[in-house]
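Heads up: the structure comes next, in structure tokens.
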Amino acid sequence: MLLKNKMKIVVTGASGLLGREVLKALKQSDKFSVVGTCFKRSTNPELHPLDITSQEQLLKLFHDKKVN
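Every letter in the sequence shown is one number past the one before it in the numbering used here, and letter 67, counting from 1, is 67.
Given below as structure tokens:
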């Protein structure tokens with residue numbers, strides 16, 4: 001079933017072992033729109049660098065990716 005408004009999920013630490021698997025599993029579902037983040041720049045263009053202790057970076061990511 002395709003949903004008009006998919007739930008948006010941000011996976012932090014998506015370059016790590018657990019985060020990578022969570023991201024992969026969520027992307028297989030048509031129920032979610034998934035954004036993966038990592039602390040340091042990654043060679044994976046799907047991951048967005050993010051310091052989760054920075055309110056400015058969090059707000060920018062949420063605004064840019066339309067996460068509410």
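Every residue gets a Cβ at the ideal spot worked out from N, C-alpha and C, and that includes glycine. Fair warning: this is a prediction, and the values are worked out from it, not measured in the lab.
Could you check whether residue j and residue i sit closer than 8 Å to each other, using their CB atoms as the reference points?
i	j	result
residue 36	residue 11	yes
Can you name the start and end residues of the beta strand (DSSP E) that residue i belongs to?
i	result
residue 34	32-38
residue 9	7-11
Using CA atoms only, rank isn't needed, just tell me which of the options is closest to residue i.
i	options	result
residue 43	34, 54, 16 and 63	16
residue 6	25, 34 and 52	34
Between which two residues does the alpha helix (DSSP H) harbouring residue i extend?
i	result
residue 22	17-27
So, helix, strand or coil for residue i, using DSSP?
i	result
residue 65	coil
residue 59	helix
residue 50	coil
residue 41	coil
Should residue i be flagged as near chain D, meaning a C-beta pair shorter than 8 Å?
i	result
residue 28	Of the chains in the structure shown, none is chain D; there is only one protein chain.
Assuming the contact rule is C-beta atoms closer than 8 Å, residue i and residue j should be a hit. Round their C-beta distance to whole Å, please.
i	j	result
residue 14	residue 47	5 Å
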